Amino acid sequence: MRIYVTRRIPEGALKLLADHDVEIYQGEIPIPRRELLEKVADASALISLLSDPIDAELMDAAPHLKVIANYAVGYDNVDIDAATKRGIVVTNTPDVLTDATAELAWALLFAAARRIGEAERFTRAGRFTGWGPQLMLGQGIRGKTLGVVGAGRIGTRFALGSRGFEMKVFYYDQERNETLEQGLGAKKVDISYLMYEADFVSIHLPLTQETKHLIDAHQLARMKPTAVLVNTARGPIVDEAALVAALRAGKLAAAGLDVYEREPEISKELIGIQNVVIAPHIGSATHQARGAMAELCAYAVLKVFAGEMTPNIVNREVWSKRR
Ligand code: DGY
Numbered sequence: 001m002r003i004y005v006t007r008r009i010p011e012g013a014l015k016l017l018a019d020h021d022v023e024i025y026q027g028e029i030p031i032p033r034r035e036l037l038e039k040v041a042d043a044s045a046l047i048s049l050l051s052d053p054i055d056a057e058l059m060d061a062a063p064h065l066k067v068i069a070n071y072a073v074g075y076d077n078v079d080i081d082a083a084t085k086r087g088i089v090v091t092n093t094p095d096v097l098t099d100a101t102a103e104l105a106w107a108l109l110f111a112a113a114r115r116i117g118e119a120e121r122f123t124r125a126g127r128f129t130g131w132g133p134q135l136m137l138g139q140g141i142r143g144k145t146l147g148v149v150g151a152g153r154i155g156t157r158f159a160l161g162s163r164g165f166e167m168k169v170f171y172y173d174q175e176r177n178e179t180l181e182q183g184l185g186a187k188k189v190d191i192s193y194l195m196y197e198a199d200f201v202s203i204h205l206p207l208t209q210e211t212k213h214l215i216d217a218h219q220l221a222r223m224k225p226t227a228v229l230v231n232t233a234r235g236p237i238v239d240e241a242a243l244v245a246a247l248r249a250g251k252l253a254a255a256g257l258d259v260y261e262r263e264p265e266i267s268k269e270l271i272g273i274q275n276v277v278i279a280p281h282i283g284s285a286t287h288q289a290r291g292a293m294a295e296l297c298a299y300a301v302l303k304v305f306a307g308e309m310t311p312n313i314v315n316r317e318v319w320s321k322r323r
């Protein structure tokens, strides 16, 4: 079976695939579209990245494709309907990156609240001339209100991290979350209320038609001028132009961002704003998480080749039809 991998992934996982014919794209930037279309022509499995658009055209160029193992928990880069119609199994990498991503959300929250990015730039520029009563004042965290937008695996883990800071927790989700309600006394609220009440808002939703621009100019206008917005989910959930305008107008105090509307492009306006901490989509970037994600992809491919079920299939209807 031929497996095409669109970027070098941790070695351990590749060893699991040693019995198969594996080809790996060696570039450091996303594989050019034309090359990917050629490479999938004889592939039975594709291990793709969240930056690879996997659409109907690509699937048509890959007549032998049985499985797309997306090296991410989010799979908005894959046209799931197109895969399902063609009988192609799609898998993702849930659970193994939950801690890493929740931890990065906290890191960004702290960094934005306490102006770590600005403080670092200031210090490195040799501008630190001595302790100052008004130097780099930020927002305190203990006892404040946390707004968790999306209470799935990562949102739940993130929210549970607030325990040590005695925070009041509101969450926005379609489903009730017993873990948060019983463990933290968290309350399920609508998005407008959450934006209005929270001192810290952290986004943990998947990107769908419904969540695109969920955080728009109207929602940003509801934030407190002292509030901080964190996004480690997907960039298009926030209207980036509206965020720039809101930050410039002082509608919120700061933002901590790991994801952007047109990745890897980041608007120059956003980069020019001092009170935004910007990271290069590194939510899952720990040695542990990335290694485990690669292994999940490899196991998913092997399971599908063996005709066995794997729990991380995102289009289960394909599986049911096969049985
Ligand atoms: C994912 O897996 O979807 C994350 O965005 C990776 O950081």
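First residue of the sequence shown? That's 1 in the working numbering, and the numbers climb one at a time after it. Ideal Cβ positions, reconstructed from N, Cα and C, are used throughout, including at glycine. Being a predicted model, the structure only gives us computed values, none of them experimental.
Proximity of residue i and residue j at Cβ, strictly below 7 Å
i      : j      : result
Val5   : Ile31  : no
Ala289 : Val96  : yes
Arg86  : Asp42  : no
Asn315 : Thr84  : yes
Ala102 : Phe158 : yes
Val230 : Leu108 : yes
Met136 : Ala125 : no
Thr232 : Gly283 : yes
Leu50  : Ala82  : no
His204 : Gly155 : yes
Asp19  : Ala56  : no
Leu220 : Ala242 : yes
Ile68  : Ser48  : yes
Ala61  : Leu46  : no
Phe200 : Val228 : yes
Met195 : Met223 : yes
Between the CA atoms of residue j and residue i - distance to the nearest angstrom
i      : j      : result
Ala217 : Ala246 : 7 Å
Arg262 : Ala13  : 30 Å
Lys15  : Ala294 : 11 Å
Thr310 : Arg115 : 43 Å
Gln26  : Ile9   : 10 Å
Ser320 : Arg153 : 25 Å
Gly130 : Thr123 : 11 Å
Ile313 : His64  : 19 Å
Gly140 : Thr93  : 34 Å
His281 : Tyr260 : 8 Å
Val276 : Tyr299 : 39 Å
Ala112 : Ser162 : 16 Å
His287 : Thr98  : 13 Å
Ile271 : Gly74  : 25 Å
Arg234 : Gly132 : 38 Å
Asp177 : Leu160 : Here the sequence assigns Asn to residue 177, which means Asp is not the residue at that position. Their Cα atoms are separated by approximately 12 Å.
Ile88  : Lys66  : 5 Å
Pro225 : Pro53  : 37 Å
Asp258 : Gly117 : 13 Å
Gly183 : Leu17  : 41 Å
Chain D contact for residue i (CB, 7 Å cutoff)
i     : result
Ala13 : The chain inventory of the structure shown lacks chain D, comprising one protein chain alone.
Query raised in the report: Near the ligand DGY, which residues have their beta-carbon closer than 5 Å to a heavy atom?
Result: In chain order, the residues with a C-beta atom nearer than 5 Å to some heavy atom of the ligand DGY are Ala72, Val73, Gly74, Gly283, Ser284.
Query raised in the report: In chain order, which continuous runs of the alpha helix (DSSP H) of length 4 or greater are located wholly inside the segment 41 to 122?
Result: Counting whole runs of 4 or more residues, the segment 41 to 122 contains the alpha helix (DSSP H) stretches 56 to 60, 80 to 85, 98 to 113.
Query - the segment 133 to 145 in contact with the segment 299 to 306 per 3-pair CB rule at 8 Å - result: Here the segment 133 to 145 does not lie against the segment 299 to 306, with fewer than 3 beta-carbon pairs under 8 Å apart.
Report task. Any chance you could list the alpha helix (DSSP H) runs of at least 4 consecutive residues sitting entirely within the segment 236 to 305, in chain order? Result -> As far as the segment 236 to 305 is concerned, its whole alpha helix (DSSP H) runs of at least 4 residues are 240 to 248, 268 to 271, 287 to 305.
**Report entry** Residue ranges of each beta strand (DSSP E) within the segment 166 to 199, 3 or longer
**Finding:** Within the segment 166 to 199, the complete beta strand (DSSP E) segments of 3 residues or longer fall at 168 to 172, listed in chain order.
Requested in this report: For the segment 10 to 37, list the beta strand (DSSP E) runs that are entirely contained and at least 3 residues long, ordered along the chain.
Outcome: Whole beta strand (DSSP E) segments, 3+ residues: 21 to 24.
Query raised in the report: Pairing CB atoms from the segment 209 to 216 with CB atoms from the segment 234 to 246, are three or more of them under 8 Å?
Result: Contact between the segment 209 to 216 and the segment 234 to 246 is present, because at least three Cβ pairs lie under 8 Å.
**Report entry** Cβ pair count under 8 Å reaching 3, the segment 185 to 195 against the segment 249 to 263
**Finding:** By the Cβ test, the segment 185 to 195 is not in contact with the segment 249 to 263, since fewer than three Cβ pairs between them sit closer than 8 Å.
**Report entry** Minimum length 3: unbroken beta strand (DSSP E) runs contained in the segment 123 to 169
**Finding:** Taking only runs of at least 3 residues, the beta strand (DSSP E) segments lying wholly in the segment 123 to 169 are 145 to 149.
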